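Everything on this sheet refers to the single structure shown next.
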Ligand code: B12
Ligand code: B12
Ligand code: SF4
Ligand code: SF4
Ligand SMILES: [Zn+2]
Ligand SMILES: [Zn+2]
Ligand SMILES: [Zn+2]
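Residue numbers (the numbering used here), protein chains in the order written: chain A, 592 to 1054; chain F, 592 to 1054; chain B, 78 to 288; chain G, 78 to 288.
What follows is the structure, encoded as C-alpha cells:
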C-alpha cells in the first residue's frame, strides 16, 4: 500500500470504509422546499437543456416554451414515481450568463413550477443554478475583471431573487494552460495548471460566490474539475490520450476542487465532478455524481462505480428531444428515479448499502484505471496521502505521485487490467512526475520561462 | 394465501423462490456466435429503429446507412465495455414484413456486422429477428390465409438465410376483440380475447414458426402479450383505465403466452412480455425483460422489478436520434451493459443475487399493482394456481380470479398501496370475474351473440 | 323542469336507460330540446371530463356516460334537425395510411360524439384521398387525423397539401393528434389544431367550429 | 539516398532534432525536396495515422511526430516555393462564433500541418466575416469549420451563405466537423466534406485539394 503507516487520517471527514456509503455524508445540506441531501436518502438530480436552437430575441418565446415543457414533464413524472425529493440543475447557456436577465428569467420560470409542485403535490425539491464561467471567452482570460466577470457577478447576485436555492459553477481558471497539456500528455503542465493556477483562481472565485450566497441566503454548493479531468476522461475515452494519464489527472484535480469547500462551499458537489468521492471523504460534504445515467451526455468507463458513494444521482444533461415514449428529460428522470429507489431500498440496512456499493465498485474497477482511482478504499487511502501535504500545489503533486504508484501497484498485482500500450505510459508519466520540484516557486519560474507563459496572465492569479 | 395447500407445484419448472433469480433458467438457450442465455450470466439485448423516415425505394439507401450506423455503434461500444455477450433484436417495420426482401436485406446487413465483430474482436453475439404480425392490417383479420399471412410465412422461411439466429413475434390474434375490451375495462371480453381466441391463434401460429425454425436450424424464441397486456399497462399509465385492471390483464395474459412454449418455443421470451417471470417459472425457458432502461420506449411503473428474474435485459426500442454524447442506440447499449455488469457481479454469489433481486422487487412492489403481480413470490404462487387448470381458457379465467384475490389480499394487508379510485375497481372487476362461466363454450356462445361477434372471424380460430 | 337535472345525473352515472327515459318524458312535456342539450347534457359531459382530468374517474366510465349522452341525443337530433338546427359539428376522423393504432382515435371519436358532434369514423389505414372525399361528401366541418407511428405522420401533411390542391383547404378545419405528434409539428404542416388527449380534442373541436 | 529512411524513423519517433538534421544533410546533398516530402515524410505521418487508428499510439505521440515533420518542412518549404511549388494546400481553420471548444480544432490543425498543409488558425469564437476575409486574403484552398455546440452549428450554414452572397463559393472548399456535426448536416448546408476525426480530416482535405 502507498499510504505510510501513521498517516494523519484524522484530517479526513470519513476515515472508515464502513461509513463511506451512498446517501449519507457527515455534513448534510438542507435546502429548497423540504429537502435534505446526504441525510440517508439518495436524491435524483436532473439537468436538461435546449435542442439545437439559436438563443436570441426572436427565439425567446420558443425557448421559454421549451423550458416550461421540460420542467413540467419532469415534475409530473417525479411526482408519479414518488421520488423522495427532486434536485433540478439549471446550467445556463453562455448567452444567458452574458445577459444575466435571460438566465434569471428562465431560473424564475423553473422555480415557479417547482414551487407549484411542492405546494400542490408535496413534491420536495430544490433548484441549483449553475452560471457558466464565461471568463475563458477571451484568451488569455481576465479572471478578476472585465465584462465577463461582471456578468457572472451579476448573475450570482440575482440568483436568490430568481428562485435558485443553490449556486454552483464549473470554473475554468488554469484551463488555458491545461488544454494543450492534456493533448500532449504533459503531466508537469497539468500539475501547474491545477495546483498553481487553478487552486488560486478557486480561492478567489469561491470567496465571491460564498459571499454572494451568504448575502442572499442561498447555498454555495460546489464546483467541478470538468474542464480539466473530464476533458481528459473524454479524450481518453476516444483513445486520444492514455487512460492512465486521465486517471492521474482526476486525482491531481482533487486539491483544486477542494479549495471551494475550504473557503465555504457546503455541497452538494457538481454531478460532473467525478473527483467527488475524494471531496466527500476529505470535506464531508454531500456529493452529486453521474454515471451510466449520463450516457446521454457522455459515454463513460465509470458508469457504475461513480454511483458507489453518491448522495445525488444525476443524468448530467440531456437535450429536449422527442423519444418514442416522451421527451428525453422525462426519460432521464425516470431512469434516475428507479436507480435511486434501488439504492434507497438497499440502504434500509447499512450492511446492504455497503454490499450494493461494493458490487457497483467491483463491476467497474478492474477494467479501467479511471474506475480504479474511484474505488472507495483507494479514495480513502489516496485522500489521506494528499492531505498529508499543506498547500494546493504540494497536494496536487502528491496526488499525481500517489495515483501513479497506486495504479502501478494494482496493475502489478493483477488487480487492474491494462493493455500494454497503456501500461507503458505508467513509466513515462512516472518519469515526468518524479522531476516535479517540491517547491512551487521553482515550477512557477520554470513555467514563466516556457511557451506556456504566453497563455496566462500571472496577475489574474495574484502572482 | 391464495394458493390452496397441495397445489400441483410440480408442474412448475421453478418451484423454489431460491432458484428463481436473474441470469439462470432451468433450460438455457445456446445460439448465435458463442452465446448462452440463462446459464448464469445476464446478457444485454439491444433493439433500435429508424427515426422518422418514409420507407420506400428512394429512401432505401439512407435506411441501409442508418442501420449500418446503428449496428456499428452498438457493437463497438459493446466491445469496449466488454459485455459478456450481445443479443441484438431486429424488429422489422411493417413494410419490411409486407415486402420480405427488404426485411431480409436489413437482417443480413446486421448479421454481417455481428459476424465481423465476433471474428475480429471475439464479441459473442446473436441476432433475433422479429417480423411484424401484419395480419391485423385488415379487420376482421384473416389469420391463416391472405397476403399478410403469406408475407409473414415468407419472412419466417428466409430468416436463417438472412442471418437470424432466433425468430420471435408479437402476435395479435384476439386483439381485434381485446382493444375495445380494454378501454371499456370489460374483463369478460378480455378473458375471451386472451383465453379463447388468442390461445387458439398462438397454437396455430407457433406450430408454423417452430416448423420454419426446425427446417432452417434456428431458434424459435418467444412471443409477448404486448398487444394485450402492454396496451393495458400503457393505458393505465396514462390514467385511462385502472391500474388494477391492467395488472389483472397481465396475469390473465400468461396462459396465452405460454402456448408458444408448449408447442416448441425455447426462449428467450420477448423483452416486452412483462409476463415473462410467469413463463420462466412455468416453462423454465430464459426470459428477456425490460424496465427503466426501456424508458426511451415507454414510461413504466415496473422499472426495477421487471429486472428481478431476467436473463436478457433490454431497452425495448430506441430511435436513431442524436444525443449530446452520441447516437441513442449506443447510449441505450451503454446503460444495459452497466446494468448487466452490476447483476453479474452480484451473481458471483447466489445469495447476493437473491439480495439484489429482492431489493429490485421491494423497491417497486408496494407502490403499484402491476409491480405487485411481478413479485417473484407472487409469481410462483399464482403460476401454481394457473397450472392447476388444464385448458387455456380455464387457466385464463383462473389467472384473473387469482390475480384479483391476491391484489385484494395485499391491499387489505397494507402491503400494496392503492388510492381509493383504484381500490374500488377491485370489487367491480371481481363482480365481472365471478360471472365468467367455467365452461369455455358457454362464453363462446355468449360472445358470438354479442356486438363483439362482428369483430372476429370464428373460422380463423378453427371455431 | 327541475327533474331534468336527473338527466344530468343519469349521464353522470352512465345510465343510458334512465337518460333516454328522462329525455323522452321531457320532450313529451315540450321542453326545448336545445335547452336539454346545453343545460343538462353538455354540463354532465363537462363534469365527467373534469373528473377524468383530476383522476377521479377512468375512460370506461367516460365512455359509458358518452354512450348515455349519445342515446339521448339520438332522440333529440331529429327535432333539432327539423328546426333546421345542425349538430354541434360534423367530424371525419381516421388513422393515417399504414397505421393501425386506433385506440386513441376511437377515444377521441367517442368523446366527440359524447360532446354532441356527429362523427364519421373512417377507421384505420386511411389514405388522404378518402379523408377528403368523405369530408366533402358528408359536408364535414372538421377533419381529424390520428397517427401513432412516426413513419405515418408525414401523411398528415399530405392531406393538407391535397386539400390545397383541390382548392378546398378553407372548407375544413384540420386537427391532428396521436403520441408522436406535437404542437410544433402541427404548426409546421399548417394544421388548425392539435391536442395531446381526447378531452382536449373536444375543447379544440368546439373552439374551431364556433370560430 | 538510403539514409533518408532515417528521416522517416525520426518523424515516427517524434525526434525533431534528428529530423531537422537529416533534412539539412539531405538538402545539402541536393536531394530533391519534393521527393523528401512525398517519399519519406508523408509516409511517416501516414504510418503514425495507422498506428493511432489501431490504438497503438496516442495523440501526444502523433503531435510530436507532426511537430518533427513540421520542423523539417520549414526547411523545405522555401525551396519548394522558390521553384514555384505550392504547399499541399492552404487551410483557414477556426471554431464558430460563440464556441470556445478548440481541442478538436487544434488537433485537426496540427494533423493538417503534419500532413504538409499550411494552416492559418483563426482560433475560437470566429464570425463568418473573418473566415471569408482571411480565406480570401491568404488565398486559401480550404475553409475548415469546427463547432462543438449545437447552438453554434448554424453559423456553419451562415459561412456558406455568405460565401455565396459574396460570389466566392466556388473559390473555396468548405469542410466541417466537431462532435455534434454529422454527414447529414454537412450535406444539408452544402458543405464539401465532413469527417468525425482529425485523421479523416487530413484524408478529406487531401482529396479535396487534388480534386
Ligand atoms: C397499443 C400499441 C400498439 C397496438 C395497437 C393497438 C391498436 N388497436 O391501436 C399494437 C400492439 C398492435 C401495436 C402495433 C405496432 N406498434 Co404500437 N404501440 C402501442 C402503444 C403501446 C400504445 C398506443 C396507445 O394505444 N396509446 C393509448 C392511446 C389512448 O393514446 P394515443 O394513441 O396517444 O391517443 C391519445 C392522444 O394521442 C390523442 N389523440 C390520438 N389521436 C388523435 C387525433 C386527434 C385529431 C387529436 C386532436 C388527438 C388525438 O388523444 C388520445 C386519447 O387521449 C404505443 C406505445 C406508447 N407509449 O404510445 C406503441 C407504439 C405507438 N407502437 C409502435 C410500433 C413501432 C408499432 C409497430 C410498428 C410494432 C411492430 N414493429 O410491429 C406496430 C405497427 C402496426 C401498425 N402498422 O400500425 C411504436 C411507434 C414508434 C414510432 N414512433 O414510430 C410505439 C410508440 C411503441 C414504441 N415505444 O416503440 N402497437
Ligand atoms: C472539453 C469540453 C469542454 C471544455 C472546452 C475546452 C476546450 N478548450 O475546448 C469546457 C469545459 C470549457 C467546455 C465548456 C462548455 N461546454 Co463543453 N464539452 C467538452 C467535452 C467534454 C469534450 C470536447 C472535446 O474536446 N472533445 C475532444 C475532441 C478531440 O473531439 P472533437 O472536438 O469532437 O473533435 C474531433 C472531431 O469532432 C473532429 N473535428 C473537430 N473539429 C473539426 C473540424 C473539421 C473541419 C473536421 C473535418 C473535423 C473536426 O476531429 C476532432 C479530433 O478527432 C464535450 C463532451 C463531448 N463528449 O464531446 C463537451 C460539450 C461539447 N460541451 C458542452 C457544453 C454545453 C458546454 C458549455 C456550454 C457548458 C456550460 N454550460 O458552460 C460550455 C460552452 C463554452 C463555449 N461557449 O464554448 C456540450 C455541448 C452541448 C451541445 N451539443 O450543444 C457537450 C457536448 C457536453 C455535454 N454532453 O453536454 N466544454
Ligand atoms: S462533464 Fe461534460 S457536460 Fe458536464 S460540464 Fe463537463 S463537459 Fe459539460
Ligand atoms: S411493448 Fe410497446 S414497443 Fe414493445 S412491442 Fe409492445 S407496443 Fe411495441
Ligand atoms: Zn461539468
Ligand atoms: Zn453537469
Ligand atoms: Zn415489443
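Here a beta-carbon is modelled for each residue, glycine too, at the ideal position from N, C-alpha and C. As the structure is a prediction and not an experimental result, all values here were calculated from the model.
- request: Could you have a look at residue 612 of chain A and say whether DSSP puts it in helix, strand or coil?
  value: Reduced to three states, the DSSP call for residue 612 of chain A is coil.
- request: Check residue 249 of chain G in the structure and name its three-state DSSP category.
  value: If DSSP states are grouped into helix, strand and coil, residue 249 of chain G belongs with coil.
message: Can you confirm whether residue 191 of chain B, when its beta carbon is compared against all beta carbons of chain F, has any partner nearer than 7 Å?
response: Between residue 191 of chain B and chain F, the shortest Cβ-Cβ separation is not below 7 Å.
query: Are residue 139 of chain G and residue 178 of chain G close, meaning C-beta to C-beta below 7 Å?
result: Their beta carbons are not under 7 Å apart, which means residue 139 of chain G does not touch residue 178 of chain G by this criterion.
- prompt: Closer than 7 Å, CB to CB, is residue 252 of chain G near chain A or not?
  reply: Chain A, which has no Cβ nearer than 7 Å to the Cβ of residue 252 of chain G, makes this no.
- prompt: If the cut is a Cβ gap below 9 Å, which residues of chain B does residue 1012 of chain F touch?
  reply: Here the neighbours are 132, 133, 134, 135.
- request: Classify residue 976 of chain F as buried or exposed, calling it buried when 16 or more other Cβ atoms lie within 10 Å of its own Cβ.
  value: Per the 10 Å Cβ criterion, buried.
Inter-residue Cα distance where the pair is residue 933 of chain A and residue 1006 of chain F: When the Cα atoms are used, residue 933 of chain A and residue 1006 of chain F turn out to be separated by approximately 18 Å.
- request: Apply the 10 Å Cβ neighbour rule to residue 578 of chain A and answer buried if 16 or more other Cβ atoms are within range, or exposed otherwise.
  value: Nothing can be reported for residue 578 of chain A, as the shown portion of chain A is limited to 592 through 1054.
field: Check: residue 176 of chain G C-beta below 6 Å from any heavy atom of ligand 2
entry: Under cutoff, so the answer is yes.
Residue from A:983, A:998, A:1013 with nearest C-alpha to residue 792 of chain A: Residue nearest to residue 792 of chain A within the set A:983, A:998, A:1013 is A:983 (criterion: CA-CA distance).
Heavy atom of ligand 2 within 6 Å of residue 1108 of chain F beta-carbon: Past the boundaries of the shown model lies residue 1108 of chain F; chain F is included only from 592 to 1054, so the question cannot be answered.
query: Got a sec: which bits of the segment 652-686 of chain F sit with their beta carbon under 8 Å from any beta carbon on chain B, in order along the chain?
result: Within the segment 652-686 of chain F, the residues whose Cβ lies closer than 8 Å to some Cβ of chain B are 684, 685, 686, listed in chain order.
- request: At 7 Å on the CB atoms, spell out the chain G contacts of residue 646 of chain A, in chain order.
  value: In chain order: 228.
Burial state of residue 703 of chain F, where buried means 16 or more other Cβ atoms lie within 10 Å: That one is exposed.
task: Pull out every residue of the segment 722-747 of chain F whose Cβ sits closer than 7 Å to any Cβ of chain B, in chain order.
output: For the segment 722-747 of chain F, which is checked against every Cβ of chain B, the residues closer than 7 Å are 727, 728.
task: Determine the extent of the alpha helix (DSSP H) in which residue 666 of chain A is found, giving its start and end residues.
output: Counting along the chain, the alpha helix (DSSP H) containing residue 666 of chain A begins and ends at 651-671.
- prompt: Does the separation of the CB atoms of residue 820 of chain A and residue 844 of chain A fall below 7 Å?
  reply: Contact check for residue 820 of chain A against residue 844 of chain A passes: the beta carbons are separated by less than 7 Å.
query: So, is residue 1040 of chain F buried or exposed, given that buried needs 16 or more other C-beta atoms within 10 angstroms?
result: An exposed status is given to residue 1040 of chain F, since fewer than 16 other beta-carbon atoms sit within 10 Å of its beta-carbon.
task: For residue 834 of chain F, count neighbouring Cβ atoms within 10 angstroms of its own Cβ and tell me buried if that reaches 16, exposed if not.
output: Classification for residue 834 of chain F: buried.
message: To be precise: take each residue of the segment 238-264 of chain G, compare its Cβ to all Cβ atoms of chain F, and keep it if any distance is under 8 Å. Which residues remain?
response: For chain F, the residues of the segment 238-264 of chain G that bring a beta carbon within less than 8 Å of one of its beta carbons are 257, 259, in chain order.
query: Going by alpha carbons, who is nearest to residue 720 of chain A out of A:846, A:996, A:694?
result: The residue with the shortest Cα to Cα distance from residue 720 of chain A is A:694.
message: Please report whether the beta-carbon of residue 140 of chain B lies at a distance below 7 Å from any beta-carbon of chain F.
response: Closer than 7 Å: yes.
query: Residues near ligand 5, CB to any non-hydrogen atom under 7 Å, in chain order?
result: Listed by chain position, these are A:761, A:815, A:817, A:821, A:861, A:863.
message: Please report the straight-line C-alpha distance between residue 639 of chain F and residue 911 of chain F, rounded to a whole angstrom.
response: C-alpha separation (whole angstroms): 7 Å.
message: Can you check which of these residues, A:830, A:802, A:947, A:790, is closest to residue 774 of chain A by C-alpha distance?
response: Per the Cα distances, A:830.
field: Nearest neighbour of residue 865 of chain F, chosen from F:832, F:850, F:887, F:905 [CA to CA]
entry: Answer by Cα proximity: F:905.
Inter-residue spacing [alpha-carbon to alpha-carbon] between residue 685 of chain F and residue 184 of chain B: Going by the C-alpha atoms only, they are around 24 Å apart.
message: Closer than 9 Å between beta carbons: that is the criterion. Which residues of the segment 907-940 of chain F meet it against chain G?
response: Within the segment 907-940 of chain F, the qualifying residues are 913, 915, 916, 917.
- request: Pull out every residue of the segment 173-184 of chain G whose Cβ sits closer than 8 Å to any Cβ of chain A, in chain order.
  value: Residues are counted here when their Cβ sits less than 8 Å from a Cβ of chain A; for the segment 173-184 of chain G these are 175, 177, 179, 180, 183, 184, given in chain order.
message: Looking at chain G, is there any beta carbon in it that lies within less than 7 Å of the beta carbon of residue 775 of chain A?
response: With 7 Å as the cut-off, residue 775 of chain A counts as an interface residue toward chain G.
query: Is the beta carbon of residue 782 of chain A less than 7 Å from the beta carbon of residue 988 of chain A?
result: Yes; because the gap between Cβ atoms is below 7 Å, this pair is in contact.
field: For residue 635 of chain F, three-class secondary structure by DSSP
entry: Three-state result, residue 635 of chain F: strand.
task: Please name the residues in the segment 199-210 of chain G whose beta-carbon is closer than 9 Å to at least one beta-carbon of chain A, in chain order.
output: For the segment 199-210 of chain G, the set of positions with a beta-carbon nearer than 9 Å to some beta-carbon of chain A reads 200, 201, 202 in chain order.
query: Excluding five sequence neighbours on each side, which residues of the same chain lie with their C-beta closer than 8 Å to the C-beta of residue 197 of chain B?
result: Closer than 8 Å at Cβ, skipping near neighbours: 167, 168, 169, 170, 211, 215, 217.
task: May I ask you to list, following chain order, the residues of the segment 854-879 of chain F that have a beta carbon less than 9 Å from some beta carbon of chain A?
output: Hits within the stretch: zero.
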